[in-house]
Ligand code: GLV
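Numbering (the numbering used here), first residue to last: 4 to 330.
Structure (structure tokens):
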């Protein structure tokens, strides 16, 4: 449907330039009221008559929304798309797109930031200093663990996992990885990464960093049994999706000192953080900002807007996740 000749689309949340400019050239853009709840019924009502929705990872885009008669495309401003029922979209002939590639470096940088910050207790140390506890240099003050030369276990070696392995080379780390899809031998050699099973990765790693998408297979991939296999000195990093980790089990493992610390950017029930994590000084709790650099978020916005504009002009969007919809 359209007014003034342009098809109408729903922008669920603000995006960065040049995204809005690209969208405005192609469509009449209506925006989702910021105070409206993010549930299927509310989104469906707001999107009625729209051919496209520009969504973000907190928007549940499932059957209720995907059955809107005129809907042609959902453009997600994220690489992850677990908030969208792609099978239902395909059944309703709705295209789904995401923003792969542009956020790999920012996210790999951030995984490494969390790793180093947790290892060297930087948030705790900053708080200690601000609170006036720094009374002079002491031999045993804020002791952390070494990163240089340590063993890093990567769960998932897609683009972001490989980016973390690349950075780990500069820290002379031994890199183990677990992934159902082995890297080509030349990539393994170039990254100095060795494929192992999950048990061995957990048993041998000083740092375990998670880089898998959230699927039925990866839901609670790390729970009580897996934490029990980790070194008690190990640190867990998660910049992927919260539900890959059983958060309640992580809290118990941290309390029982089966895991030494964690650097988390994502949570099982965002934006809620498990209350058990809040008082833990050995845990860093970032608010899902791994891709949050100005350049990256602007490129994600542009990419999502281009996917939308291409689709509503009748073309095949570059980052189409369900190509069977657009033969
Ligand atoms: C962020 O989490 C993304 O999937 O892009």
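Cβ coordinates follow ideal geometry from the N, Cα and C atoms, glycine included.
Remark: the shortest separation between the CB of residue 106 and any heavy atom of ligand 1 falls under 8 Å. Secondary structure note for residue 179: it is in no alpha helix (DSSP H), and the uninterrupted beta strand (DSSP E) holding it is 177-181. For residue 130, the enclosing alpha helix (DSSP H) starts and ends at 125-133.
Counted as a single uninterrupted DSSP element, the beta strand (DSSP E) harbouring residue 155 occupies residues 154-158. If you ignore the 5 residues before and after residue 182, its C-beta comes within less than 6 Å of the C-beta of 159 and 160, all in its own chain and listed in chain order. DSSP places residue 164 inside the alpha helix (DSSP H), whose first and last residues are 162-172. At a cut-off of 3 residues, the continuous stretches assigned as beta strand (DSSP E) that sit fully inside the segment 190-262 are 196-198, 210-213 and 238-241.
Assigned with DSSP and collapsed to three states, residue 44 falls in helix. Contact between the segment 112-131 and the segment 148-167 is established, with three or more Cβ pairs separated by less than 8 Å. According to DSSP, residue pairing for residue 98 in a beta bridge involves 76.
A distance of 9 Å or more separates the beta carbons of residue 76 and residue 303.
Note that the segment 118-134 touches the segment 143-157; at least 3 beta-carbon pairs, one per stretch, sit closer than 8 Å. Residue 215 has its Cβ no nearer than 8 Å to any heavy atom of ligand 1. In the structure shown, residue 34 falls within a strand segment according to DSSP collapsed to helix, strand and coil. Comparing alpha carbon positions, the residue from 152, 185, 215 and 13 closest to residue 37 is 13. Distance from the C-beta of residue 244 to the nearest heavy atom of ligand 1 is below 8 Å. Distances from the CB of residue 294 to the heavy atoms of ligand 1 include at least one below 8 Å.
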